Amino acid sequence: MLCRARIAIHITNHYAAKVYTTDAPITGEAVIRVPRDTHFDRIAIQFAGVAATRNYMTPEIDQVLHHFLLLEMPVQKTHPSLLPTDGILRAGQMYALPFHFVVPEGLPFGTCNQRCEHPSVREHHLRLPPTMRAWGDRDDGSPDTARVQYCISVSVLQRTAFMPEPVSVLRGHREVNVLPAYAEDAPLDVELGDKGGEYKLAAFKALRKTLVSRRIGTVAVQAAQPAAVVLSSDAREASQARVALNLRFVPTDRISEIISTGDEASLPAVHSITAKLIAKTYYNTSHMGAFPDRNRARHELNFGASLYYSDSSRAMNVPFASADKGWEQQKEADEPRAWETTLNADFQLPMDHRKILLPTFHSCLLSRTYTLRLVLCIGPGRTNVALSLPLQLVVQAGPSAVPLHVPPGNVSECEEMDVALPTYKDHVFVQKRYEDEVHTHISLGGGIIL
Ligand SMILES: [Zn+2]
Numbered sequence: 001m002l003c004r005a006r007i008a009i010h011i012t013n014h015y016a017a018k019v020y021t022t023d024a025p026i027t028g029e030a031v032i033r034v035p036r037d038t039h040f041d042r043i044a045i046q047f048a049g050v051a052a053t054r055n056y057m058t059p060e061i062d063q064v065l066h067h068f069l070l071l072e073m074p075v076q077k078t079h080p081s082l083l084p085t086d087g088i089l090r091a092g093q094m095y096a097l098p099f100h101f102v103v104p105e106g107l108p109f110g111t112c113n114q115r116c117e118h119p120s121v122r123e124h125h126l127r128l129p130p131t132m133r134a135w136g137d138r139d140d141g142s143p144d145t146a147r148v149q150y151c152i153s154v155s156v157l158q159r160t161a162f163m164p165e166p167v168s169v170l171r172g173h174r175e176v177n178v179l180p181a182y183a184e185d186a187p188l189d190v191e192l193g194d195k196g197g198e199y200k201l202a203a204f205k206a207l208r209k210t211l212v213s214r215r216i217g218t219v220a221v222q223a224a225q226p227a228a229v230v231l232s233s234d235a236r237e238a239s240q241a242r243v244a245l246n247l248r249f250v251p252t253d254r255i256s257e258i259i260s261t262g263d264e265a266s267l268p269a270v271h272s273i274t275a276k277l278i279a280k281t282y283y284n285t286s287h288m289g290a291f292p293d294r295n296r297a298r299h300e301l302n303f304g305a306s307l308y309y310s311d312s313s314r315a316m317n318v319p320f321a322s323a324d325k326g327w328e329q330q331k332e333a334d335e336p337r338a339w340e341t342t343l344n345a346d347f348q349l350p351m352d353h354r355k356i357l358l359p360t361f362h363s364c365l366l367s368r369t370y371t372l373r374l375v376l377c378i379g380p381g382r383t384n385v386a387l388s389l390p391l392q393l394v395v396q397a398g399p400s401a402v403p404l405h406v407p408p409g410n411v412s413e414c415e416e417m418d419v420a421l422p423t424y425k426d427h428v429f430v431q432k433r434y435e436d437e438v439h440t441h442i443s444l445g446g447g448i449i450l
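Numbering (the UniProt record's numbering), first residue to last: 1 to 450.
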């Protein structure tokens with residue numbers, strides 16, 4: 001009976017919603033079957049990562065693919081007995097080829113060889129980006145013009161006299177979802193008075209009882225940059241977020257006198273704090289050599305403005321606790337009337353099983369950042385004071401992570417695995433314009449064999 005030519009890729013302990021994080025193994029086997037004797041020069045088993053962006057705003061739609069990751073399993077070297085030595089796959093026979101990949105901690109240096117404004121930009125570009133816009137029915141808040149996909153791909157390659165590169169005569173691929181884990185970065189270098197910037201850590205406002213009444217004073221609110229929120233390795237849970245706020249109230253002379261008579265009820269109360277998490281996806285069809293959420297005035301390295309897409313569907317009321325002592329009068333001589341207090345707001349980002357929060361990242365063509373927009377309702381006139389804080393999201397290293405360093409006693413057991421571990425293919429920043437008529441699907445099979 002004739003069988004169809006096919007490559008089946010079986011991944012051990014895999015299921016559709018499985019997420020692979022840094023150092024997680026991806027093992028399994030590729031089973032190849034051909035209907036007639038088929039000559040081959042090489043079987044390529046690869047773990048590949050591709051980023052793709054599109055720009056519909058230009059007269060001709062601009063589309064770019066960046067193959068940022070390519071690991072190859074040297075199966076012919078490690079398991080020569082599994083393949084026929086004469087280079088012909090026999091009809092009807094099954095060839096089961098094992099593979100073993102580990103989600104790497106970083107990308108090879110050549111992945112980003114374009115100009116970067118600062119070494120820290122390059123350092124971010126040499127990290128793995130998370131899977132984006134490829135989570136099935138879980139919405140990650142990205143536009144369909146920006147995508148990151150990972151796959152295991154298997155190809156049977158033949159050399160021909162007419163083509164310089166081997167040609168794939170049979171190919172199969174299977175997508176896997178990756179959420180890489182990285183440590184929290186240092187707080188951003190954000191200027192407090194940065195007008196028009198993405199982030200605003202301080203704000204002040206005049207307070208009045210009603211819109212038309214006289215001022216009672218001014219309030220200044222300043223926030224410390226919050227620590228990173230840690231996502232579980234499958235991004236289904238998130239740690240608590242904490243924002244520390246400092247409030248400074250300078251009453252007018254009239255109110256100051258009232259307060260000095262012991263009527264501290266004239267000090268403004270904070271009635272509520274609401275927060276909105278804004279997920280921003282920045283993308284470009286050229287290399288982004290600067291962090292797109294910072295220093296917008298100096299973005300000549302991003303070859304024109306980056307496009308961005310905002311998802312602001314997560315809003316919450318934030319419970320907060322005032323400092324025990326409440327408002328305290330400042331003793332400094334420069335502004336003897338000023339009062340200060342601190343607030344700590346602890347809250348949980350709302351999680352939704354139909355959505356997924358991606359970690360913060362910056363890569364050559366794409367970035368994801370989060371802004372926490374806080375609105376404090378203060379004083380007798382319920383005046384709103386708004387702040388925009390950078391919030392970093394990081395993924396916790398997963399339980400499936402394998403130890404990087406094998407204890408000395410276990411060397412023999414792991415010897416075979418070490419030999420079989422794939423290495424990076426030598427590659428430079430491969431950035432190809434592509435023209436396919438399919439608007440939302442990237443053909444992962446195409447172009448990743450080098
Ligand atoms: Zn780069």
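Where a beta carbon is used, it is the ideal one built from N, C-alpha and C, also for glycine.
Source: prediction; values computed, not measured.
Per the DSSP calculation, C116 is bridged to which residue(s)?
Its beta-bridge partners do not exist; DSSP assigns none.
I think L107 touches A241, with their Cβ atoms under 8 Å apart; what is that distance to the nearest whole Å?
So it is not a contact: roughly 29 Å between Cβ atoms.
Is P187 helix, strand or coil when you go by DSSP?
Note: P187 maps to coil in three-state DSSP.
Work out the CA separation of T38 and residue 451 for me, nearest whole Å.
A query on residue 451 cannot be resolved here, the shown segment of the chain reaching from 1 to 450 and no further.
According to DSSP, simplified to helix, strand and coil, what is A244?
A244: strand per DSSP, three-state reduction.
Is H287 a contact residue of ligand 1, with contact defined as CB to any heavy atom under 7 Å?
Answer for H287: yes, Cβ within range of ligand 1.
Going by DSSP, which residues form a beta bridge with A220?
F204 and R248, per the DSSP bridge assignment.
Is Q93 helix, strand or coil when you go by DSSP?
In the structure shown, Q93 sits in coil (DSSP, three-state: anything other than H, G, I, E or B).
Please report the distance separating the alpha-carbon of I255 from that of T261.
Taking the straight line joining both Cα atoms gives about 10 Å.
Which same chain residues, not among the five before or five after I11, have their C-beta less than 8 Å away from its C-beta?
For I11, where only same-chain residues beyond five positions count, the Cβ hits under 8 Å are I26, T27, G28, I152, R174 and V176.
Can you tell me whether H14 sits near ligand 1, meaning its C-beta is under 7 Å from at least one heavy atom of the ligand?
No; taking the cut-off as 7 Å, the Cβ of H14 has no heavy atom of ligand 1 nearer than that.
For D263, tell me which candidate among H287, K200 and W327 has the shortest Cα-Cα distance.
Here the closest residue by C-alpha is W327.
Go through the segment 16-50 residue by residue and report every complete run of the beta strand (DSSP E) that reaches 3 residues or more, in order.
Whole beta strand (DSSP E) segments, 3+ residues: 25-33.
So, using beta-carbon positions, are P180 and T21 closer together than 8 Å?
The answer is yes: Cβ separation under 8 Å.
For S168, which beta-bridge partners are listed by DSSP?
According to DSSP, S168 bridges with L157.
What's the gap between the Cα of A5 and the Cα of L231?
If you take the alpha carbons of A5 and L231, they lie about 42 Å apart.
With hydrogens ignored, establish whether the beta-carbon of H67 is closer than 7 Å to any heavy atom of ligand 1.
It does not: the Cβ of H67 is nowhere closer than 7 Å to a heavy atom of ligand 1.
Quick check: does the Cβ of H125 come within less than 7 Å of any heavy atom belonging to ligand 1?
Flag set: Cβ of H125 near ligand 1.
Pull up the distance between the alpha-carbon of F68 and that of A44, whole angstroms please.
Near 17 Å, if we compare the C-alpha coordinates of A44 and F68.
Would you kindly report the start and end of the unbroken beta strand (DSSP E) that includes residue 488?
Outside the displayed range of the chain (1 to 450) lies residue 488, so it cannot be described from this structure.
In chain order, what residues of the same chain lie with their CB nearer than 6 Å to the CB of H124, ignoring the 5 residues before and after it?
The answer, listed in chain order, is H362.
Give, in chain order, every unbroken run of the beta strand (DSSP E) that is at least 3 residues long and sits entirely within the UniProt domain "Bul1 C-terminal" (322-377).
Complete beta strand (DSSP E) runs here, min 3: 339-347.
Closer than 8 Å is the cut-off here; do at least three beta carbon pairs connect the segment 373-393 with the segment 211-223?
As far as the Cβ criterion goes, the segment 373-393 touches the segment 211-223, which means the pair count is three or higher.
With which residues is L126 paired in a DSSP beta bridge?
L126 pairs with nothing; no bridge assigned.
Should C112 be listed as close to ligand 1, given that the test is whether its C-beta is under 7 Å from any heavy atom?
Yes.
Do you know whose CA, among K209, T360, L207 and L374, lies nearest T274's CA?
When each option's Cα is compared against that of T274, the closest is L374.
Do you know how far the Cα of M132 is from the Cα of A238?
Answer to the nearest angstrom: the Cα atoms are 18 Å apart.
Among V169, A206, P84 and N246, which one has its Cα closest to the Cα of F320?
The shortest Cα separation from F320 among V169, A206, P84 and N246 belongs to N246.
Given a threshold of 16 other Cβ atoms within 10 Å of its Cβ, counted over all protein chains shown, does L307 qualify as buried or as exposed?
By the neighbour-count rule (16 or more Cβ atoms within 10 Å), L307 is buried.
What are the boundary residues of the alpha helix (DSSP H) that includes S256?
Note, S256: alpha helix (DSSP H), D253 to S260.
Please state the DSSP three-state secondary structure of T285.
It is coil, neither helix nor strand.
Contact between the segment 47-61 and the segment 127-145 is defined here as three or more beta-carbon pairs at a separation below 8 Å; is this criterion met?
The segment 47-61 is in contact with the segment 127-145.
Report the rounded CA-to-CA distance for S266 versus P390, giving the unit in angstroms.
Cα to Cα, the separation comes out at about 33 Å.
Does the distance from the C-beta atom of Q114 to that of C364 stay below 8 Å?
Contact flag set, yes.
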